[in-house]
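Each residue of the sequence shown is one higher than the one before, counting from 245 in my numbering. A virtual CB, placed ideally from N, CA and C, is assigned to each residue, including glycine.
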Amino acid sequence: MTPLLSARGLHKRWRQGWWRPAETVGLAGVDLELFPGEVVGLIGESGSGKTTLARAALGLSALDAGTVSIHGIDPHKNRRLIPPLAQLLFQDAGASLNPGLTVRAILEESARYFPGTESVETVLERLDLKPRAHARPSELSGGERRRVTLGQVWLANPLLLVADEPTAGLDASRKGEIIDLLLSRRSPERGFLLISHDLPLVLYACQRLLVMQAGRIIDGFPTRELFAPQRHPWTQKLCINAGLEPTCS
Ligand SMILES: Nc1ncnc2c1ncn2[C@@H]1O[C@H](COP(=O)(O)OP(=O)(O)O)[C@@H](O)[C@H]1O
Ligand SMILES: [Mg+2]
245 MTPLLSARGL HKRWRQGWWR PAETVGLAGV DLELFPGEVV GLIGESGSGK TTLARAALGL
305 SALDAGTVSI HGIDPHKNRR LIPPLAQLLF QDAGASLNPG LTVRAILEES ARYFPGTESV
365 ETVLERLDLK PRAHARPSEL SGGERRRVTL GQVWLANPLL LVADEPTAGL DASRKGEIID
425 LLLSRRSPER GFLLISHDLP LVLYACQRLL VMQAGRIIDG FPTRELFAPQ RHPWTQKLCI
485 NAGLEPTCS
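Below, the structure is given as structure tokens:
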């Protein structure tokens, strides 16, 4: 099967200033494949490079080295062909919304950009945003802002959705709601890369997990093998930190 997303040898680093030789490493040689129908979780501590990888994989920030292919298209060479194929749900849901527009106007703008998918009315209905259709982003709760960004992505109807910490800052019940809304779009053609440092959440949502540390993917396995003895020590540490232990069956 052809991967929906394929990344090879991704490297990214930043100079901390021309006067200083020190560099910050974002990606230190990342290989990644995601197939149609998959929901893959990308976990790792803060600063491990998850957001850098998400942005680089969608062609939103330049790479020092490496190649990416989304449904056979290189996002770094053909960025304008990517939006209908792949979308990034940004970590900071509030910041990506136009503060001057109402919820309905924000979604209508997306619908104009991606004609022929669902209607704005349907999306407002399904995301339970109808009562808030006339509100502006500053008047919305964190969960409502997430649902608006999800609505924008639904209207784009991409094959690949990369969701960067989609539940950050939400309470437990709202987290589940957002993840269930995301997963409600699963299909054999679509793929999801769910980025989170919330291990229980990715365990619930994903069939396969990738673990990042210091710009590298150091472990990758089917979710059911999280507690297998061959897991990388860092993966085991993430489990312990999250208070997770294997359950007896
Ligand atoms: N624009 C930037 N300039 C310099 N360093 C950056 C930039 N963006 C990210 N970094 C650094 O790259 C590393 C990975 O960051 P990030 O991808 O945001 O991690 P994560 O999403 O896993 O928390 C961190 O050390 C971060 O400080
Ligand atoms: Mg991040």
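Assignment of E277 by DSSP, reduced to helix, strand and coil, places it in the strand class. The bridge partners DSSP lists for E267 are R259. Ligand 1 approaches W258 closely enough that one of its heavy atoms is under 7 Å from the residue's Cβ. Placement of the Cβ of S290 at a distance of less than 7 Å from at least one heavy atom of ligand 1 is found.
Relative to L297, the option among I439, I423, P466 and P328 whose CA is nearest is I439. Look at L373 here: in three-state DSSP terms it is coil, with no helix or strand label. Relative to ligand 1, even the nearest heavy atom lies 7 Å or more away from the CB of T411. DSSP, read as helix, strand or coil, puts R430 in coil. Beta-bridge annotation (DSSP): P466 is paired with R452. H378 counts as exposed, since fewer than 16 other C-beta atoms from the protein chains shown sit within 10 angstroms of its C-beta. L286 is not a Cβ neighbour of L249, given a cutoff of 8 Å. P319 is positioned such that its CB atom lies no closer than 8 Å to that of G435. Just measuring C-alpha positions, the residue of P381, G303 and A337 sitting nearest K321 is G303. Under DSSP, the beta-bridge partners assigned to F436 are V283 and L405. T296 has its CB nearer than 7 Å to a heavy atom of ligand 1.
The alpha helix (DSSP H) runs of length 4 or more contained entirely in the region 309-393 are, from start to end of the chain, 347-357 and 364-370. In the structure shown, the three-state DSSP call for Q474 is coil.
The alpha-carbon of C483 is positioned some 11 Å away from that of L447.
Taking 8 Å as the cut-off, the Cβ atoms of K256 and A301 do not count as close. Cβ neighbours of G253 within its own chain (closer than 8 Å, five residues either side excluded): G273, V274, D275, A309, G310 and T311.
Comparing C-alpha distances from W398 to each of L333, E388, G413 and F465 shows the shortest one belongs to L333. For the pair H476 and I462, the CB atoms are nearer than the 8 Å cut-off. Contact between E282 and R452 holds, with the beta-carbon distance rounding to 6 Å and staying under 8 Å. DSSP places A272 in the strand class (E or B) of the three-state scheme.
Taking G464 as the centre and dropping the five residues before and after it, the same chain places the C-beta of R452, L453, L454 and V455 closer than 8 Å to its C-beta, in chain order.
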